[in-house]
Amino acid sequence: MFTGIVEELGEVVRLTDAGGDSAVLAIRGPLVTADARHGDSIAVNGVCLTVVDNTDQVFTADVMGETLRRSSLRALRPGGQVNLERAAVVGGRLGGHLVQGHVDGVATIVSREPADQWEVVRFALPPQLSRYVVEKGSVTVDGVSLTVTTVDAESFGVGLIPATLKLTVLGAKSVGDPVNIEVDVIAKYVEKMLGERHV
């Protein structure tokens, strides 16, 4: 479980085809690797990955086909930056919202509107996810917990403060770039329970 509060920007070292529909991802991140052990969870652009090895501030993780299909990790290239967050510590502060690291799909940035100290960014939303995104609700974009400011059937908007623009990959993303989206899991559970009541 994560909170959507990015701890550091990591650097992609390599993404290696592991045969079939899987890959091995290596990421440099001095902070998140400081106490990382085999089996620990680290979110990479919002995708929960399991640490396989941790050597010289670089951790590796196996990435299966389901993850490659559902996320933008397949587009990562050596030298690129990624958002990193270690799993939340029980008893700590929940600064963002409950984030599983289970990406629901990929959205695309459709516009960026700079203001004096912040920026409004709009994302095209995959149709199957639109019912889970509500105004003033929470959404995770590339692992960043954000509040939805506007929403319609095809897109949603968020406001990015200076810290988010500076300390996450969202500050450097351009119109047309893909981002990982995780909707609020509570909405999905509510939908399932209400649906079963009408059967």
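For the sequence shown, this note's numbering assigns the number 11 to the initial residue and increments by one for each residue that follows. Think of the CB as a built atom: it goes at the ideal place given N, C-alpha and C, for glycine as much as any other residue.
* Asked: If we ignore side chains and look at the alpha-carbon of each, how far apart do Leu204 and Arg141 end up?
  -> Translated into positions along the sequence shown, residue 204 becomes position 194. Translated into positions along the sequence shown, residue 141 becomes position 131. Computed Cα separation, rounded: 14 Å.
* **Integer Cβ distance of His107 from Cys58, believed to fall under 8 Å** => Residue numbering aside, residue 107 sits at position 97 when the sequence shown is read from its first letter. Residue numbering aside, residue 58 sits at position 48 when the sequence shown is read from its first letter. No, His107 and Cys58 are not in contact; Cβ-Cβ is about 15 Å, not under 8 Å.
* If Ile15 and Ser155 are in contact, beta carbons under 8 Å, what's the gap, nearest whole angstrom? -> As a position in the sequence shown, residue 15 is number 5, starting the count at 1. As a position in the sequence shown, residue 155 is number 145, starting the count at 1. Confirmed, about 6 Å.
* **Sheet register partners of Val158 (DSSP bridge)** => Within the sequence shown, the letter at position 148 stands for residue 158. In the DSSP output, where bridge partners are listed per residue, Val158 has Val168.
* **Val100 burial status per 10 Å Cβ neighbour count (16 or more: buried)** => By 1-based counting over the sequence shown, the position of residue 100 is 90. Classification for Val100: exposed.
* Asked: What residue does the alpha helix (DSSP H) around Glu77 start on, and which one ends it?
  -> By 1-based counting over the sequence shown, the position of residue 77 is 67. According to the sequence shown, residue 77 is Thr rather than Glu. Thr77 -> alpha helix (DSSP H) spans Gly75 to Arg80.
* **Chain-order list of residues whose beta-carbon lies under 8 Å from that of Gly89 (same chain, five-residue window excluded)** => On the sequence shown, residue 89 is found 79 positions in, with the first residue counted as 1. If we look at Gly89 and ignore the five residues flanking it on each side, its Cβ neighbours are Glu21 and Val22.
* To do: Might you give, ordered along the chain, the residues of its own chain that have their beta carbon closer than 6 Å to the beta carbon of Ser121, omitting 5 neighbours on each side?
  => One-based indexing of the sequence shown puts residue 121 at position 111. Taken in chain order, the residues that qualify are Arg132.
* **For Glu201, three-class secondary structure by DSSP** => Position 191 of the sequence shown holds residue 201. In the three-state reduction of the DSSP assignment, Glu201 falls in the helix class, which pools H, G and I.
* Can you name, in chain order, every residue of its own chain whose Cβ lies under 6 Å from the Cβ of Asn93, other than the five neighbours on each side? -> Taking the sequence shown and counting its residues from 1, one reaches residue 93 at position 83. Excluding sequence positions up to five before and after Asn93, its CB lies within less than 6 Å of the CB of Val16, Asn55, Asp152, Gly153, Thr178 and Val179, all in the same chain and listed in chain order.
* Check whether the Cβ atoms of Glu145 and Val130 lie closer than 8 Å to each other. => Position 135 of the sequence shown, counted from the first residue, corresponds to residue 145. Position 120 of the sequence shown, counted from the first residue, corresponds to residue 130. Against a cut-off of 8 Å, the Cβ pair of Val130 and Glu145 comes out as no contact.
* **DSSP-derived helix/strand/coil call for Val61** => Taking the sequence shown and counting its residues from 1, one reaches residue 61 at position 51. Strand.
* Span of the alpha helix (DSSP H), counted from its first residue to its last, around Leu41 -> Numbered from 1 along the sequence shown, position 31 holds the residue referred to as residue 41. Run containing Leu41: Pro40 to Thr43, per the alpha helix (DSSP H) assignment.
* Can you tell me the Cβ-Cβ gap for Ala117 and Pro136, rounded? I've got them flagged as a contact below 8 Å. => Within the sequence shown, the letter at position 107 stands for residue 117. Within the sequence shown, the letter at position 126 stands for residue 136. Between Pro136 and Ala117 the Cβ distance is about 7 Å, and since that is below 8 Å, they are a contact.
* To do: Compute the Euclidean distance between the alpha carbons of Ala44 and Gly30, then round it to the nearest angstrom.
  => Position 34 of the sequence shown, counting from 1, holds the residue named residue 44. Position 20 of the sequence shown, counting from 1, holds the residue named residue 30. Each residue's alpha carbon lies about 32 Å from the other.
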